Amino acid sequence: MNVEAASASAATPSPRVTAADLAPTLHRLRAATRTRGTPTLEARLAWLDALERMLLRRKDDFARTISEDFGNRSRVETMVAEVVVTVEGIRHTRARLKEWMAPRRAEVSWLFQPGRAEVIPQPLGVVGIIAPWNYPLQLAFAPLADALAAGNAAMIKPSELTPATSELIRQAVADTFDPDLVSVVVGGSDTGQAFSQLAFDHLIFTGSTAVGRHVMRAAAENLVPVTLELGGKSPTIVSRDSALATAATRVMSGKLFNAGQTCIAPDYVLVPAERRDEFVAAAQKAAAELYPTLGSNGDYTSIVNDRHYARLASYLDDARAKGAKVIEVNPARETLDRASRRMAPALVLDATDDMTVMQEEIFGPILPVRTYTSIDEAIAYVNDHPRPLALYYFGNDRAETARVLHETVSGGVTVNDVLLHIAQHDMPFGGVGPSGMGAYHGRAGFEALSKLKPVFHQAAVNGTGLLRPPFGRMMDVVLKLLLND
Ligand code: NAD
């Protein structure tokens, strides 16, 4: 069966997709990598250029389609977080690819001189990419850019929760790349499951921690190495000395970007107990200034579907039922049409660990504001919970900043703002522990998707003969020398 075409028609119920259905596509891609050999710098630059031009040419189609899938997705959010970030990443890579591809000389121990050692980056083959719905372009195309830069072919499985966008991704890729270089398979979780059973040379999965476990288990069958870009609860610590109005504005803009449906969104805030009310007032003011209206405000993004809306509403119900105070920020006092899935920003006060809002990744416009009395308590709270994908710290005390940076472990950190570490292409991006494994972006992505092959070139005249049997008295002298004993 032609899976790429068959699974494209998501509207009609189709038979469950199996790994056997997808395997021919992988085999075709792999056969082509063999014929292609190691792609030249020029070939890779041309692929990256084609990807960039496709994104720029289709950006308006993408923005419109993502918005249809979400109900409303701010056009600027799509341009900034999907198009600009991805294109910037591609440009960063293009400018440095020659240097990254060059064999790197390695040191040779005196013992093996005058031999020569070098590390040669080599394409792995075919990279599988499973993407989520929340930033459907960035999370399909940034891994693709890294895969192509490293000289690989790729097979992409976008999310079924944004079906029109996934179909547009399939068409755009088909119009841009040889199907033997990049192929897109659209379909639901069964397709994802089948996809993760394929014997890729590397698999990059971006999605939830729960599904990440299944993906890693499936990949283990074929010993496929995985990069897992997962989620979790990313804390924000606001220090005693922090300028609260600025911190509140930055936290709320990061929280409400894409209506909170961001893997690295600040999930909850820890503020000094005596400054909580001041922070809450500043956060309400900031949210109202960022989004003075909600119902017909093009800047404010909808929750992606009814299931996620109901999930978020249930977190608030659960928090209220267990004694939390929920403050909704609906500045124009609009009655929000349930069908539009626009959810008013909400601050949750007095949230406790037995509430779902403090247990599950929120992934929506809800911000629990918790308190601490000493920075030790804030650090301990973070360390008592699973290692997060991101951590944010607002404050100017150098010693305290250093403590937070060194005493907590997270995928990445932005100090005195939120989200921005993801957009720095010269740094690896990835989680740690339950928030992910491995990293990509920039050089880290190139290296993750290359085999960094160590090669030793023996010299015509060398001393290694001394290490061969029969081992006589001379060997004792050599050992003494080697061990400096
Ligand atoms: P998800 O895990 O539900 O789905 C992600 C992808 O996996 C989809 O394409 C889906 O079809 C596929 N899939 C579903 N079941 C599968 C299975 N059993 N085997 C293989 N594939 C399967 O995630 P989501 O709801 O699309 O995305 C939200 C989650 O992703 C959040 O937890 C968020 O934090 C995380 N996320 C992480 C990053 C990051 O860079 N670390 C970025 C964005 C989102």
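Counting from 1 along the sequence shown, just add 1445 to a position and that's the residue number in the numbering used here. Heads up, the beta-carbon is just placed ideally off N, CA and C, and yes, glycines get one too. Since this is a predicted model, take the numbers as computed values, not measurements.
Check                                                                                                                                                                           : Outcome
Got a sec? Which residues, its chain only, sit under 6 Å from Met1920 by beta carbon, not counting five neighbours each side?                                                   : none
Assuming Leu1395 and Ser1855 make a contact with CB atoms under 8 Å, what is their CB distance in whole Å?                                                                      : With the chain represented from 1446 up to 1930, any question about residue 1395 goes unanswered, as that position is not in the structure.
Where Leu1911 and Gln1567 are concerned, what is the direct C-alpha to C-alpha distance, given to the nearest angstrom?                                                         : 34 Å
Confirm, please, whether the CB-CB distance from Phe1891 to Ala1595 is below 7 Å.                                                                                               : yes
Beta carbon of His1472: closer than 6 Å to some heavy atom of ligand 1?                                                                                                         : no
Are the beta-carbon atoms belonging to Thr1610 and Asp1712 less than 7 Å from one another?                                                                                      : no
Helix or strand or just coil, what does DSSP make of Leu1673?                                                                                                                   : strand
Taking 6 Å as the limit between beta carbons, can you name the residues of its chain near Glu1527, skipping five residues before and five after?                                : Tyr1580, Leu1582 and Gln1583
Between the alpha carbons of Ala1823 and Gly1809, how many angstroms are there, rounded?                                                                                        : 23 Å
Assess, as a yes-or-no matter, whether the stretch 1840–1858 is touched by the stretch 1740–1747 under the definition of 3 or more beta carbon pairs within less than 8 Å.      : no
What residues in its chain sit with their C-beta under 6 Å from that of Trp1492, if we drop five residues either side in the sequence?                                          : Leu1593
Compare the beta carbon distance of Ala1718 and Thr1797 with 7 Å and say whether it is the shorter of the two.                                                                  : no
Please return the same chain residues whose Cβ sits closer than 7 Å to the Cβ of Leu1394, not counting the five positions on each side in sequence.                             : Because the chain spans 1446 through 1930 in this model, residue 1394 falls outside it and cannot be assessed.
List the endpoints of the continuous beta strand (DSSP E) containing Pro1813.                                                                                                   : Ile1811 to Tyr1817
Return the chain-ordered ranges of every alpha helix (DSSP H) run that is complete within the stretch 1791–1850 and spans a minimum of 4 residues.                              : 1820–1828
Can the beta-carbon of Leu1897 be found less than 7 Å from the beta-carbon of Val1564?                                                                                          : yes
Could you tell me whether the Cβ atoms of Leu1673 and Gly1881 are closer together than 7 Å?                                                                                     : yes
If you draw a straight line from the C-alpha of Ala1576 to the C-alpha of Leu1924, how long is it?                                                                              : 54 Å
Taking 8 Å as the threshold, find out whether the stretch 1658–1672 comes into contact with the stretch 1687–1700 through three or more Cβ pairs.                               : no
Please determine whether the Cβ atom of Glu1674 lies at a distance below 6 Å from any heavy atom of ligand 1.                                                                   : yes
Any heavy atom of ligand 1 closer than 6 Å to the beta-carbon of Thr1651?                                                                                                       : yes
Taking all protein chains shown into account, do 16 or more other C-beta atoms lie within 10 angstroms of the C-beta of Gln1706, making it buried, or fewer, making it exposed? : buried
Using a Cβ-Cβ cut-off of 7 Å (strictly less than) and excluding sequence neighbours within five positions of Ala1453, which residues of its own chain qualify?                  : With a pLDDT of 44 at Ala1453, under the threshold of 50, the modelled position of that residue is not reliable, and the figure given next carries that caveat. The answer, listed in chain order, is Glu1612, Arg1615 and Val1631.
Compute the Euclidean distance between the alpha carbons of Val1714 and Thr1859, then round it to the nearest angstrom.                                                         : 14 Å
Give, in chain order, every unbroken run of the beta strand (DSSP E) that is at least 3 residues long and sits entirely within the stretch 1724–1782.                           : 1770–1773
Compute the beta-carbon to beta-carbon distance between Gly1887 and His1870, rounded to the nearest angstrom, for a pair I have assumed lies under 8 Å.                         : 4 Å
With a cut-off of 8 Å on the beta carbons, I'd call Leu1834 and Gly1876 a contact; round off their distance for me.                                                             : 5 Å
How about the stretch 1786–1805 and the stretch 1725–1732: do they share at least three Cβ pairs that are nearer than 8 Å?                                                      : yes
Should Asn1517 be labelled buried (16 or more other beta-carbon atoms within 10 Å of its own) or exposed?                                                                       : buried
Report all residues from its chain with a CB closer than 8 Å to the CB of Arg1913; omit the five preceding and five following residues, and keep chain order.                   : none
Should Ser1641 be labelled buried (16 or more other beta-carbon atoms within 10 Å of its own) or exposed?                                                                       : buried
Would you grab the beta carbon distance between Phe1586 and Ala1495 for me? Rounded to a whole angstrom, and I think it's under 8 Å.                                            : Contact doesn't hold; Cβ gap of about 12 Å is too wide.
Quick check: the Cα distance between Leu1865 and Pro1670, rounded to an integer number of angstroms?                                                                            : 28 Å
Ends of the beta strand (DSSP E) at Val1922?                                                                                                                                    : No beta strand (DSSP E) holds Val1922; the alpha helix (DSSP H) holding it covers Arg1918 to Leu1928.
To the nearest angstrom, report how far apart Asp1930 and His1830 are at their CA atoms.                                                                                        : 48 Å
Tell me which residue opens and which closes the alpha helix (DSSP H) that Phe1901 is part of.                                                                                  : It is not in any alpha helix (DSSP H) - Phe1901 instead sits in the beta strand (DSSP E) that spans Ser1895 to His1902.
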